[in-house]
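In what follows, a single structure is set out as structure tokens and then discussed.
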Amino acid sequence: MITIKKLSIAILFISSFSLSATAYSAAEGANKLRLQTGFSKRTGETAFSYLVSWRKGEEAIKDINGLAFINGTDTPSPMTDDEVAYKISKALNAAVVTRTPLDRGAIAKNNKSEVVVANKAGFELTRITVRDYSNQELKYSIPGKSFQAASTGIAIDVVYSAAVEYIAGFSTAVKQETAGGFVSVTIDNESPLIIKTDGKTAKEIEQELADALGAKASFSSSPIYPNFVQIRSKNYKSFDGGEVQIPSLNARLITIDVNDSGLGVLTKFVFTSVKQPVQIASKVPYIIGLLVAGIFGYLYLQKKKPVVSA
Numbered sequence: 019m020i021t022i023k024k025l026s027i028a029i030l031f032i033s034s035f036s037l038s039a040t041a042y043s044a045a046e047g048a049n050k051l052r053l054q055t056g057f058s059k060r061t062g063e064t065a066f067s068y069l070v071s072w073r074k075g076e077e078a079i080k081d082i083n084g085l086a087f088i089n090g091t092d093t094p095s096p097m098t099d100d101e102v103a104y105k106i107s108k109a110l111n112a113a114v115v116t117r118t119p120l121d122r123g124a125i126a127k128n129n130k131s132e133v134v135v136a137n138k139a140g141f142e143l144t145r146i147t148v149r150d151y152s153n154q155e156l157k158y159s160i161p162g163k164s165f166q167a168a169s170t171g172i173a174i175d176v177v178y179s180a181a182v183e184y185i186a187g188f189s190t191a192v193k194q195e196t197a198g199g200f201v202s203v204t205i206d207n208e209s210p211l212i213i214k215t216d217g218k219t220a221k222e223i224e225q226e227l228a229d230a231l232g233a234k235a236s237f238s239s240s241p242i243y244p245n246f247v248q249i250r251s252k253n254y255k256s257f258d259g260g261e262v263q264i265p266s267l268n269a270r271l272i273t274i275d276v277n278d279s280g281l282g283v284l285t286k287f288v289f290t291s292v293k294q295p296v297q298i299a300s301k302v303p304y305i306i307g308l309l310v311a312g313i314f315g316y317l318y319l320q321k322k323k324p325v326v327s328a
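Encoded structure:
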């Protein structure tokens, strides 16, 4: 026979399960990416955008894009690396507030030339795309971890500056080609891998870069994750059929430097770890409801049974 004491113990057990399960949901800052900015090596004003995606449990993924324009060397006020970082952080946080005022899953924090984007409590970052057409030297890292330890895959997509969508319709005669220069990638403190760009296509540059990176990378004709598009698009680049993918980089820092005014670069990060406990936690209220209803239903039936005397 189930007594009040036994019922209390059962409810206490269920509550403990609930608390332990919800404890698995992502804490604030569980997923993060640090970006150290540089300064634009381009002469005019060029675009820079930061796309961050997140989810809450099993809800749909949300994509937020912060767009900024960076002043280059021949503008009245060329931006320093600190000013670039501040402007990027401000643009991203403004986009989060505007598009998801009640569901803010990510935040950008700025400290001098650094931008750290992290998840808010209860959310998980799923992917990040940084699109730069300003020819900065950009450094990426996961605070306190290697990319491999943080289960973070990387892709590098070299693109033509003239192909960015916000230009389309205004400068359609601009040729999609390199201007001459180089693309450099540095892993931790190793020697830079420098690929000359003059006379090459974006795909040829990517294939050379993948070869230079060796076993840790490969050229892929499929994107590391689906391309992000939006009806009112600014600075969203459709996938051009090739990118360098580094699925598990056992390093703490990757530096990407594009020095060719005809080129930009899309650097993509995907958080590949499967956090099943978050999904379990999201079902806890339903489990509790069913168990409690079952217990009270059983008690009701027990009370209704006739007492048989000997």
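If you want the numbering used here, it's the 1-based position in the sequence shown plus 18. Here a beta-carbon is modelled for each residue, glycine too, at the ideal position from N, C-alpha and C.
Out of GLY171, GLY75, ALA124, the CA that lies nearest to the CA of GLU261 is found in GLY171.
Taken atom to atom, the span from the alpha-carbon of GLY84 to that of ASN128 is near 14 Å.
Using a C-beta cut-off of 8 Å, the segment 278-290 makes contact with the segment 163-182, since at least three inter-stretch Cβ pairs fall below that distance. Comparing alpha carbon positions, the residue from THR273, ALA269, ALA44 closest to GLY162 is ALA269. VAL262 is bridged by DSSP to ILE174, PHE237.
When C-alpha distances from PHE200 are compared across GLU208, ASN207, ASP206, LYS218, the shortest belongs to LYS218. Taking a C-beta distance under 9 Å as the contact criterion, PHE66 and ILE125 do not qualify as a contact pair. Between THR147 and PHE246 the beta-carbon gap is near 7 Å, inside 8 Å, which marks them as a contact. As a beta-bridge residue in DSSP terms, ALA65 pairs with PHE87.
If you draw a straight line from the Cα of ALA139 to the Cα of GLY123, it is about 8 Å long.
In the DSSP assignment, GLU142 is bridged to ARG73. Check the Cα spacing between GLY90 and each of ASP81, ARG117, LYS59, PRO119: the tightest is with LYS59. Ranked by how close their Cα comes to the Cα of TYR151, the residues ASP278, ALA173, ALA112 have ASP278 in first place. CA-CA distance, PRO119 to LYS108, rounds to 15 Å.
The criterion of a C-beta distance shorter than 9 Å is not satisfied by VAL134 and LEU110. Nearest to THR64 by alpha-carbon distance, out of GLU76, SER169, ILE88, ASP81, is ILE88. Nearest C-alpha to LEU267 among ASP121, ALA168, LYS221, SER256: ALA168. Annotation: the continuous alpha helix (DSSP H) that includes GLU224 extends over 220-231. In the three-state reduction of the DSSP assignment, THR204 falls in the strand class. Distance from the CA of PRO210 to the CA of GLU142, rounded to the nearest whole angstrom, comes to 33 Å. Secondary structure of GLU101 (DSSP, three-state): helix. Taking LYS255 as the centre and dropping the five residues before and after it, the same chain places the C-beta of ARG149, VAL177, ALA181, VAL182, GLU183, LEU284 closer than 7 Å to its C-beta, in chain order. ILE274 and SER202 have their alpha carbons spaced roughly 6 Å apart. In the DSSP annotation of this structure, the continuous segment of the beta strand (DSSP E) that includes PHE289 starts and ends at 281-289. The C-beta of GLU76 has fewer than 16 other C-beta atoms within 10 Å across all chains shown, which makes the residue exposed.
The beta-carbon separation of ASN49 and PHE289, rounded to 5 Å, stays under the 8 Å limit for a contact. If the five residues before and after GLN54 are omitted, its C-beta is found closer than 6 Å to the C-beta atoms of SER131, GLU132, LYS157, all from its own chain and listed in chain order.
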